[in-house]
Amino acid sequence: MLDAGHGYETRGKRTPDGMREYEFNRDAAAYCKNELEKYDVDVYYSHSDSKDIPLQLRTDRANNLKVDAFVSIHANAFGSGGWNDVSGIETYAYTTQPSKSTALAREIQSHLVASTQRRDRGVKFANFHVLRETAMPSVLIECGFMTNPEEAALLRTRTYRQICGKAIANALVAFYKLKPKEHNSLYKVQLGAFSKEENARKLANRLIKAGFTPYIHIETK
Ligand SMILES: [Zn+2]
3 MLDAGHGYET RGKRTPDGMR EYEFNRDAAA YCKNELEKYD VDVYYSHSDS
53 KDIPLQLRTD RANNLKVDAF VSIHANAFGS GGWNDVSGIE TYAYTTQPSK
103 STALAREIQS HLVASTQRRD RGVKFANFHV LRETAMPSVL IECGFMTNPE
153 EAALLRTRTY RQICGKAIAN ALVAFYKLKP KEHNSLYKVQ LGAFSKEENA
203 RKLANRLIKA GFTPYIHIET K
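Residue numbering for the sequence shown follows the working numbering, starting at 3 and increasing by one per position.
Here it is in structure tokens:
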């Protein structure tokens, strides 16, 4: 489950010049989902663009669906309103340092730092709701500081959102050893559909004579 932190209405952080954190979070989550959909995995959102989803509902949903991982995407801020030079990326797991969450956090952190070339602030531990109330491995990612002029500019761009989303997806692919979907795809061409078996046989015979190897698939209603 991908969790874009906050919402359009819920208080999140903002850049001193007014970009809301959710604008970054939702796009990075969308790029991440897009990338993950190339693999044999089901991806859910905890958030919604149509209304803000409270934290409890998000973790309840993850627990009810029994998802394998909960990945919360955020952008950071430092200080009380103005610009400053604090920068970099950090990924959190719960305070008790559960081993799988911590390992997943390390995987994501290293992919993100390698892809973005931002400062590596490391894996950290915190008592955040989404880490505490989830029954599965869970991490919370801070993809850069909205209070750092250079990073705030990056966080606004489609390219940086895409790089972050893809890096998180690639980390999940590596961590869970996900297999590409293409391998499971089968493209079939149907040449006819009949209510009488006899008619299906007639067409199949014609195709055999023409050099094809048809098969008849029987669908019962
Ligand atoms: Zn946040």
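Backbone N, C-alpha and C define an ideal beta-carbon position, used for all residues, glycine too. The structure displayed is predicted, hence computed values, not measured ones.
- When secondary structure is reduced to three states using DSSP, Pro151 falls in the helix class.
- Residue list for ligand 1: Gly7, His8, Gly14, Lys15, Glu23, His76 (CB closer than 6 Å to any heavy atom, chain order).
- One Cα belongs to Ser89, the other to Val43, and the distance between them is close to 33 Å.
- Nearest in C-alpha terms to Ala64, of all of Asp122, Ile143, Leu133, is Leu133.
- Pairing Lys181 with Lys40, the inter-Cα distance amounts to about 9 Å.
- It is roughly 16 Å from the alpha-carbon of Glu23 to the alpha-carbon of Tyr33.
- Secondary structure of Ser82 (DSSP, three-state): coil.
- When the beta-carbon positions are compared, Ala173 and His113 come within less than 7 Å of each other.
- For Tyr96, the enclosing beta strand (DSSP E) stretches over residues 91-96.
- In the displayed model, Ile75 falls within a strand according to three-state DSSP.
- In the structure shown, Gly146 adopts extended strand secondary structure according to DSSP, grouped into three states.
- Counting C-beta atoms within 10 angstroms of its own C-beta, Asn201 has fewer than 16 neighbours from the protein chains shown and is therefore classed as exposed.
- Going by C-alpha positions, Asp87 is about 11 Å away from Gly146.
- In this structure, the CA atom of Thr149 is about 7 Å from the CA atom of Gly84.
- Thr93 and Ala77 have their alpha carbons spaced roughly 11 Å apart.
- Going by DSSP, Arg123 is part of the beta strand (DSSP E) stretching over 122-128.
- In this structure, the beta-carbon distance from Phe72 to Met21 does not fall below 7 Å.
- Pairing Ala116 with Arg13, the inter-Cα distance amounts to about 30 Å.
- By the Cβ neighbour-count rule, Tyr189 is exposed, with fewer than 16 other Cβ atoms within 10 Å of its own.
- Taking C-beta separations shorter than 6 Å and ignoring five residues to either side along the sequence, the partners of Lys15 in its chain run Glu23, Ala79, Met148, following chain order.
- For Ala30, the uninterrupted alpha helix (DSSP H) segment begins and ends at 23-38.
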